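Visitor: Just so we're on the same page, the UniProt record's numbering is the position in the sequence shown counted from 1, plus 6.
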Amino acid sequence: KQYKLGMIGLGTMGRNLLLNMADKGFSVTGYDKDHKMITKLEEEGKEHHLKGFANIENFISSLQTPRTLILLVPAGPIVDNVIAELKPLLSKGDIIIDSGNSHFTDTNRRVDELEKEGLHFFGMGISGGEEGARFGPSMMPGGDKQAYNVVKEVFDAVAAKVSSDPCVTYIGPGASGHFVKMVHNGIEYAIMELIAEVYGVLKNGLGYSNDDIYKVFKKWNEGRLQSFLLEITAEIFVFKDTETQNDLLDQIKDEARSKGTGKWTSEVSMELQLPIPTINEAVSNRDLSKFKKLRVSLEEAFGKKENQIDVSIDDLENAFYFSMISAYAQGMHLLVQASKEYQYDLQLQEIAKIWRGGCIIRAKFLEDIYQAYDKNNSLEHLFGDAGIQQIIKTTLSGTRKTISACINAGIGIPAFASTLTYFDTITTARMPSNLIQAQRDFFGAHTFERIDKDGVFHADWNKLS
Ligand code: 6PG
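1) Please report how far the alpha carbon of H452 lies from the alpha carbon of T427, in whole angstroms.
2) Of all the options K459, V317, I282, which has the alpha carbon lying nearest to the alpha carbon of F429?
3) Tell me, which residues are paired with A139 by DSSP?
4) I'd like to check one pair, G36 with L24: are the Cβ atoms closer than 7 Å?
5) Smallest Cα separation from H339: which of F308, I66, L388?
6) What are the boundary residues of the beta strand (DSSP E) that L77 is part of?
7) Would you tell me roughly how many angstroms separate the C-alpha atoms of K469 and F449, rounded to the nearest one?
8) Which first and last residues belong to the beta strand (DSSP E) in which D104 is found?
9) Between the stretch 411 to 426 and the stretch 354 to 364, do three or more beta carbon pairs fall short of 8 Å?
10) Please report the Cβ distance between S105 and I76, rounded to the nearest whole angstrom; I am assuming they are in contact, meaning their Cβ atoms lie under 8 Å.
11) Is it buried or exposed, D391, if we count other Cβ atoms within 10 angstroms and call 16 or more buried?
12) If I follow the unbroken beta strand (DSSP E) through P147, where does it start and stop?
13) Thinking C-beta only, is V174 closer than 7 Å to A165?
14) Tell me the DSSP bridge mates of Y9?
15) For K265, which three-state DSSP category applies?
16) P80: buried (16+ other C-beta within 10 angstroms of its C-beta) or exposed?
17) Please say whether H126 and I101 have beta carbons closer to each other than 7 Å?
18) Hey, is the stretch 191 to 205 in contact with the stretch 285 to 304, meaning 3+ C-beta pairs nearer than 8 Å?
19) Do the stretch 296 to 315 and the stretch 340 to 351 make contact, defined as three or more Cβ pairs closer than 8 Å?
20) Please tell me whether Q336 and T284 are closer than 7 Å, where the distance is taken between their beta carbons.
21) I'd like to check one pair, G178 with L372: are the Cβ atoms closer than 7 Å?
22) Taking G134 as the reference, give the member of G393, G364, Q443 with the closest Cα.
23) Can we count S410 as close to the ligand 6PG, meaning its CB is less than 6 Å from some heavy atom?
24) Let me confirm a value: P83 is counted as buried when at least 16 other C-beta atoms fall within 10 Å, else exposed. Which label applies?
25) At a threshold of 6 Å, does S182 count as lining the ligand 6PG (C-beta to nearest heavy atom)?
26) For F59, which residues of its own chain have a beta-carbon under 6 Å away from its beta-carbon, when the five flanking residues on both sides are left out?
27) Beta carbon of G142, beta carbon of G183: below 7 Å?
28) According to DSSP, is I413 helix, strand or coil?
29) Going by beta-carbon coordinates alone, are G124 and N191 separated by less than 7 Å?
30) Comparing C-alpha positions only, which one of V34, K46, V85, N61 sits nearest to R73?
31) Tell me, which residues are paired with G178 by DSSP?
32) Drop a sphere of 10 angstroms on the beta-carbon of K381, count the other beta-carbons inside from all chains shown, and report buried for 16 or more, exposed for fewer.
33) Just mark N216 as buried or exposed, buried being the case when its beta carbon has 16 or more other beta carbons within 10 Å.
34) Suppose you measure from the CA of T248 to the CA of D150; what does that come to, to the nearest Å?
35) For Y214, does the three-state DSSP call read helix, strand or coil?
36) Alpha carbon to alpha carbon, how far is W226 from F234?
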């Protein structure tokens, strides 16, 4: 038995992660039904003499026990099919690590099913795309702690590093790894939407060319907004279409797609009754973008808007920084709630720490989030940290100027607008929600609580008039 670890699914992600492991000196192998993928693996991994299998029995019997298997196959029924194929070939104590973007409820089910067979099932979120897998991703493994210790050295070695700290940590039991990756993606959707809205403001509100926008993003990325998403976005603005030599961005349809992780984050937030409006707007706006024909016809009906506004780039930068902080804060808040609800015992400071490198939402600001939770790991909301409060206070004036100017000019900025109004609500001691309680009691005798005495009350509202 030669190999320490086997990869199932040798698409780009699987191959790259395997090559990364081989670079770090681990003896690894891979399996794929498709011979072409094996040829690719063996070519790319020539210097490490990497070998792949198209026969699953031979593959399994080449692994040291307890066997460690990583699945990098598309989420959904394929994961169940692979598990069914594997089950008869495995022995008690073997570890299966599903590294796709599986829904955490599927992971819960699989953990339970496989536990009965004496097998350890791990849900591990991996972020960083193809580059990340090859040279250092951020990894979010959740499952049985003892089994984790078997693979820890491999994960520590292949993960991205931030000042020599690996961007991987044991997340928690059950499906917590996939849950945390899902919320990572929710934040990813929010930041992408905010950047897209900034693009709309710069282009339509301020009349900036793609080259001008490149310069703005490039400059911002040198400061406190430094992040992977802003960095790649700047590059998009100067990328030319090889055929026409025009800016490729201008040739792309304005209809955004998604695979579902953002929607799942919103669904769970509703389930847990924990509001994440910036993420929700990001999900909704991808959906709204798909109604192209309707948008075209309604623009005709209502007339094209004069979008010119008068805001400074500094004010816009403040609005973006404020909203970015809020998007992370909402995601972290959801993690705090889920940790209680599902008994994940999440260590928020560890999660912020492993998101500082390798993943799609890596950003300079994650260092501030890490520091805030490191100081107080039972912090309920990021807005409760004194350092974050100081930052937010300095951004508010620019944020309000930018957002009100956009609203007056008719520029659609759903994520920005809802972020600010979320902030204004969550920082209000007395909301108008007493009225909701009165209305509910009026028409449905749903009762209400009072501020001046304990207990549950009902009023005979009809008599009042
Ligand atoms: C990552 C990404 C990656 C992928 C998602 C989102 O962290 O590396 O989140 O997992 O980009 O699948 O894709 P959609 O935008 O298609 O939902």
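Even glycine gets a Cβ: it sits at the ideal position worked out from N, Cα and C.
Computed from a predicted model, the values in this text were never measured in an experiment.
Guide: Checking against the coordinates, here is how it stands:
1) Taking the first residue of the sequence shown as 1, we reach residue 452 at position 446. Taking the first residue of the sequence shown as 1, we reach residue 427 at position 421. Cα to Cα, H452 sits roughly 28 Å from T427.
2) For the purposes of this step, residue 429 is taken as the residue at position 423 of the sequence shown. Residue I282 is the option with its Cα nearest to F429.
3) Looking up residue 139 in the sequence shown gives position 133. None; A139 has no bridge partner.
4) What you label residue 24 is simply residue 18 of the sequence shown in a count that begins at 1. What you label residue 36 is simply residue 30 of the sequence shown in a count that begins at 1. Their beta carbons are under 7 Å apart, which means L24 touches G36 by this criterion.
5) Indexing the sequence shown from 1 puts residue 339 at position 333. Minimum Cα distance to H339 is reached at L388.
6) As a first step, residue 77 must be located in the sequence shown, where it is residue number 71. Note, L77: beta strand (DSSP E), 74 to 77.
7) In the sequence shown, counting from the first residue as 1, residue 469 sits at position 463. In the sequence shown, counting from the first residue as 1, residue 449 sits at position 443. For K469 and F449, the distance between alpha carbons rounds to 13 Å.
8) Walking along the sequence shown from the start, residue 104 turns up at place 98. It spans 101 to 104 - the beta strand (DSSP E) in which D104 sits, taken as one unbroken run.
9) no
10) If you number the sequence shown from 1, residue 105 lands on position 99. If you number the sequence shown from 1, residue 76 lands on position 70. That pair is a contact at about 6 Å.
11) Counting from 1 along the sequence shown, the entry for residue 391 is found at position 385. Buried is the call here.
12) Here residue 147 is taken as the residue at index 141 of the sequence shown, counted from 1. Unbroken beta strand (DSSP E) run through P147: 144 to 148.
13) As a working mapping, residue 165 is identified with position 159 in the sequence shown. As a working mapping, residue 174 is identified with position 168 in the sequence shown. Yes, the pair counts as a contact, with Cβ atoms nearer than the cut-off.
14) Mapped onto the sequence shown, residue 9 falls at position 3. Answer by DSSP bridge pairing, in chain order: L69.
15) Within the sequence shown, residue 265 is the residue found at index 259, counting from 1. Correct three-state label for K265: coil.
16) Taking the first residue of the sequence shown as position 1, residue 80 is located at position 74. Classification for P80: exposed.
17) Here residue 101 refers to the residue found at position 95 when the sequence shown is read from its first residue. Here residue 126 refers to the residue found at position 120 when the sequence shown is read from its first residue. Contact: yes.
18) yes
19) no
20) Residue numbering aside, residue 336 sits at position 330 when the sequence shown is read from its first letter. Residue numbering aside, residue 284 sits at position 278 when the sequence shown is read from its first letter. Yes, Cβ-Cβ distance for Q336 and T284 is below 7 Å.
21) Reading the sequence shown from its first residue, position 366 is the one you call residue 372. Reading the sequence shown from its first residue, position 172 is the one you call residue 178. No.
22) Stepping through the sequence shown from its first residue, residue 134 is reached at position 128. With distances taken between Cα atoms, G134 lies closest to G364.
23) The residue given as residue 410 occupies position 404 in the sequence shown. Answer for S410: no, Cβ out of range of the ligand 6PG.
24) If you number the sequence shown from 1, residue 83 lands on position 77. By the 10 Å Cβ count, P83 comes out exposed.
25) Walking along the sequence shown from the start, residue 182 turns up at place 176. No, the Cβ of S182 stays beyond 6 Å of every heavy atom of the ligand 6PG.
26) Position 53 of the sequence shown, counted from the first residue, corresponds to residue 59. These residues qualify, in order along the chain: Y37, F65.
27) The count along the sequence shown starts at 1 and reaches residue 142 at position 136. The count along the sequence shown starts at 1 and reaches residue 183 at position 177. No. Outside cutoff.
28) Your numbering for residue 413 matches position 407 in the sequence shown. Residue state, collapsed to three classes: helix.
29) In the sequence shown, residue 124 corresponds to position 118, counting from 1. In the sequence shown, residue 191 corresponds to position 185, counting from 1. The answer is no: Cβ separation not under 7 Å.
30) Position 67 of the sequence shown, counting from 1, holds the residue named residue 73. The option with the nearest alpha carbon to R73 is V34.
31) Against the sequence shown, residue 178 aligns to sequence position 172. Its beta-bridge partners are G148.
32) Mapped onto the sequence shown, residue 381 falls at position 375. Counting Cβ neighbours within 10 Å, K381 comes out exposed, since fewer than 16 surround it.
33) As a position in the sequence shown, residue 216 is number 210, starting the count at 1. So N216 ends up on the buried side.
34) To locate residue 248, count along the sequence shown from 1; it is residue 242. To locate residue 150, count along the sequence shown from 1; it is residue 144. Taking the straight line from one Cα to the other gives about 49 Å.
35) Along the sequence shown, one-based indexing puts residue 214 at 208. In the structure shown, Y214 sits in coil (DSSP, three-state: anything other than H, G, I, E or B).
36) The residue labelled residue 226 in the question sits at position 220 within the sequence shown. The residue labelled residue 234 in the question sits at position 228 within the sequence shown. W226 and F234: Cα-Cα distance of roughly 12 Å.
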